[in-house]
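S.K.: Sharing a structure below in structure tokens format, with a few things to ask.
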Amino acid sequence: MWCFVIIKCPYCGFEGDASEFNYLYEVTLYIMDSHVEREERERSVLIVCPKCKQGFFLENPYKRFYEYLDYNGSRYSVIRG
Ligand SMILES: [Zn+2]
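Going by our numbering, the residue at position 75 of the sequence shown is 224; the numbering climbs one at a time, nothing skipped.
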């Protein structure tokens, strides 16, 4: 069974199947004593429109950060440290 996911570009309005878009995933490599350390940070995949070449996220890249703050109490206490 085929599954098509239609994505709409928020900049130019182009709509297409997910396979028509390009995807960019940023990675930082931490090298400690010649070994590559695993990156703890999770990053969102940047979706690049094939028509206007603008990049955008399907969801807020800080969503998990805000969920963490909501779960662990007031965000103000975290900001103040
Ligand atoms: Zn576009």
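Ideal Cβ placement from N, Cα and C applies to all residues, glycine included.
Let me make sure I understand the geometry here. Which of R187, E188 and R192 has the alpha-carbon closest to that of L173?
M.R.: R192
S.K.: Whose CB is closer than 5 angstroms to a heavy atom of ligand 1? List the residues in chain order.
M.R.: C158, Y160, C161, F163, C198, K200 and C201
S.K.: For the region 178 to 187 against the region 207 to 217, do three or more pairs of beta-carbon atoms, one drawn from each stretch, fall closer than 8 angstroms, so that the two count as touching?
M.R.: no
S.K.: Is L218 helix, strand or coil when you go by DSSP?
M.R.: helix
S.K.: Of the residues C161, I156, L218 and F153, which one's Cα is nearest the Cα of C201?
M.R.: C161
S.K.: Any idea what DSSP makes of E188, helix, strand or coil?
M.R.: In this structure, E188 counts as coil in the three-state DSSP scheme.
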